[in-house]
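Participant:
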Amino acid sequence: MDSRYRQKIAATILSEIGEIDRFTHAKKLVAYAGVDPSVYSSGKFTATANRITKRGSKRLRHALYLAVLCGLRRSCNKKLKEFYDKKREEGKPYRVAESVKYSV
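For the sequence shown, position 67 (counting from the first letter as 1) is numbered 67 according to full-length UniProt numbering, and the numbering increases by one without interruption.
1. Between residue 12 and residue 44, what straight-line distance do the alpha-carbon atoms span, to the nearest angstrom?
2. Please report how far the alpha carbon of residue 63 lies from the alpha carbon of residue 91, in whole angstroms.
3. Would you call residue 39 buried or exposed, if buried means 16 or more other Cβ atoms sit within 10 Å of its Cβ?
4. Near residue 57, what residues of its chain come up, given a Cβ to Cβ distance below 8 Å and the 5 sequence neighbours on each side ignored?
5. Within its chain, find whatever has a CB closer than 6 Å to the CB of residue 67; leave out the 5 residues flanking it on each side and keep chain order.
6. What are the boundary residues of the alpha helix (DSSP H) that includes residue 43?
7. Might you give, ordered along the chain, the residues of its own chain that have their beta carbon closer than 7 Å to the beta carbon of residue 6, omitting 5 neighbours on each side?
In structure tokens form, the structure reads like this:
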């Protein structure tokens, strides 16, 4: 991936987050990005497969996703690659395995 493209992703993430000190906890930043899991339950039923809320910044969510893809393709982040491989071994589809990491 071209370095200009990576710089654009980084600039998007930084501009969408803004002042990082306004998030007192990592969970608040995750919620701001809209990658926090939604909880679906009704009566006695509780869903086991939860999706992300998508309530936050669409641009930030997309930039985070592209950053994860870039990290996986370049294999420069061993922890990211190990996490992805573990999720794939658990039978997760590759899109789910990619998405899970940027919400952690």
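Note that the Cβ used here is the ideal one computed from N, Cα and C, for glycine as well. Source: prediction; values computed, not measured.
Facilitator: So, from the listed chains and residues:
1. Taking the sequence shown and counting its residues from 1, the one referred to as residue 12 is at position 12. Taking the sequence shown and counting its residues from 1, the one referred to as residue 44 is at position 44. Residue 12 and residue 44: Cα-Cα distance of roughly 42 Å.
2. Along the sequence shown, one-based indexing puts residue 63 at 63. Along the sequence shown, one-based indexing puts residue 91 at 91. Whole-angstrom Cα-Cα distance: 25 Å.
3. The residue labelled residue 39 in the question sits at position 39 within the sequence shown. It is exposed - the Cβ of residue 39 has fewer than 16 other Cβ atoms within 10 Å.
4. Against the sequence shown, residue 57 aligns to sequence position 57. Answer for residue 57: 16, 32, 33 and 34, listed in chain order.
5. As a first step, residue 67 is located in the sequence shown; it is residue number 67 there, counting from the start. The residues are 9.
6. Numbered from 1 along the sequence shown, position 43 holds the residue referred to as residue 43. Premise fails: residue 43 is in no alpha helix (DSSP H) and is neither H nor E.
7. Your numbering for residue 6 matches position 6 in the sequence shown. For residue 6, where only same-chain residues beyond five positions count, the Cβ hits under 7 Å are 70.
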